[in-house]
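Visitor:
The structure is reproduced here in structure tokens:
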């Protein structure tokens, strides 16, 4: 996403929801119960790997003020990890992968190739995180097609932003994991050609935007990613990074979403700390 900020203030239903959260009454005389901090949960077919990942992801977040969601999947060891995986975040530019997947999914229905214009817009949208290209494709697709793709993809907790506000789409780490899973393996939603197109663009993200989940990635792994960043008056900076790591025996995905970051760099540092822990443990396990 470029440094242009999208809709700094919440509008309409989002504003109302925020107000409702702030003004919710507390029963007189009752002290609010402190909510237990969510814990990282991991499962794996590889003995000890799940516990190691849970321990190291937890340690990577110690002392950090970001509210962080994580979803990890490794097919080689049948490993899954989650933290706040179903909590919704403003998408910022991470939604651009969903926009591209929707465009290709829709084109598949009539077995048509993307036009030259669509190809150019899609390439700029992913490789340079161009906002104008995204807005053009979002408008072309419209809410019905975007919602249709989300339903077909099983991304049940993703809610498209209203009135053209694609950057305020509500996403979850688990839905991003589901999208990455569809992009990286054979399925009935996205064709092989569509998956190849998406991954090719994610491989070609410009160098200045190749931060985030690639931090600590194993040498030789093919890195496919998309990042997003957005500052608003509530929850500070949103800084997100999602990626797929393939080739040379690697077959895993990482999605890290954050908000409540004081600065963009705070968010980047949080994402990269989680990513380094995940890469280290998966590589050690031979994933």
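Numbering (my numbering), first residue to last: 182 to 468.
Just so it is clear, CB atoms sit at the ideal spot from N, CA and C, and this is done for glycine as well.
#1: Rounding to the nearest angstrom, what Cα-Cα distance links residue 222 and residue 257 in this structure?
#2: Cβ atoms of residue 409 and residue 461: under 8 Å apart, would you say?
#3: Near residue 420, which residues of its chain fall below 7 Å by C-beta distance, leaving aside the five closest residues on each side in sequence?
#4: Since residue 403 and residue 377 should fall inside the 8 Å C-beta cutoff, what is the C-beta to C-beta distance between them, to a whole number of angstroms?
#5: With DSSP run on the structure shown, which of helix, strand or coil describes residue 261?
#6: According to the Cβ coordinates, are residue 361 and residue 436 closer than 8 Å?
#7: Sort out for me which residues DSSP pairs residue 407 with in a bridge.
#8: Compute the distance between the beta-carbons of residue 328 and residue 341, then report whether it is under 8 Å.
#9: With a threshold of 8 Å, are at least 3 pairs of Cβ atoms found where one atom belongs to the region 374-392 and the other to the region 273-285?
#10: Taking residue 261 as the reference, give the member of 459, 465, 467 with the closest Cα.
#11: Work out the CA separation of residue 249 and residue 388 for me, nearest whole Å.
#12: Using C-beta distances below 7 Å, list every residue in its chain close to residue 203, excluding the 5 sequence neighbours before and after it, in chain order.
#13: According to the Cβ coordinates, are residue 244 and residue 355 closer than 8 Å?
#14: Quick one: is residue 200 buried, meaning 16 or more other Cβ sit within 10 Å of its Cβ, or exposed?
#15: Quick one: what does DSSP say residue 456 is sitting in, helix, strand or coil?
#16: Answer yes or no: do residue 395 and residue 424 have a C-beta to C-beta separation smaller than 8 Å?
#17: Beta-carbon within less than 8 Å of residue 226's beta-carbon, same chain only, minus the 5 sequence neighbours each way: which residues are those?
#18: What span of residues does the beta strand (DSSP E) with residue 251 cover, start to end?
#19: Just checking my contact of residue 386 with residue 300 at CB under 8 Å: how many whole Å lie between their CB atoms?
Guide: Taking the coordinates as given:
#1: It is roughly 18 Å from the alpha-carbon of residue 222 to the alpha-carbon of residue 257.
#2: Taking 8 Å as the Cβ cut-off, residue 461 and residue 409 do not qualify as a contacting pair.
#3: Setting aside the 5 residues that flank it on each side, residue 420 is surrounded in the same chain by 410, 439, 442, 445, 448, 449, 452, each with a C-beta closer than 7 Å to its C-beta; the list follows chain order.
#4: That pair is no contact at about 12 Å.
#5: Strand.
#6: Yes, the pair counts as a contact, with Cβ atoms nearer than the cut-off.
#7: Answer is 423.
#8: The criterion of a C-beta distance shorter than 8 Å is satisfied by residue 328 and residue 341.
#9: Yes, they touch.
#10: Of the candidates 459, 465, 467, the one whose C-alpha sits nearest the C-alpha of residue 261 is 459.
#11: For residue 388 and residue 249, the distance between alpha carbons rounds to 25 Å.
#12: Bear in mind that a pLDDT of 29 at residue 203, under 50, signals an unreliable position, so the model cannot answer this.
#13: Taking a C-beta distance under 8 Å as the contact criterion, residue 244 and residue 355 do not qualify as a contact pair.
#14: Any reading at residue 200 is ruled out, since the residue's pLDDT is 29, under 50, leaving its predicted position unreliable.
#15: For residue 456, the three-state secondary structure derived from DSSP is helix.
#16: In contact: residue 395 and residue 424 (Cβ atoms closer than 8 Å).
#17: Around residue 226, the same chain offers 258, 259, 260 as residues with beta carbons nearer than 8 Å, after the five sequence neighbours per side are excluded.
#18: Its beta strand (DSSP E) spans residues 248-255.
#19: No, residue 386 and residue 300 are not in contact; Cβ-Cβ is about 17 Å, not under 8 Å.
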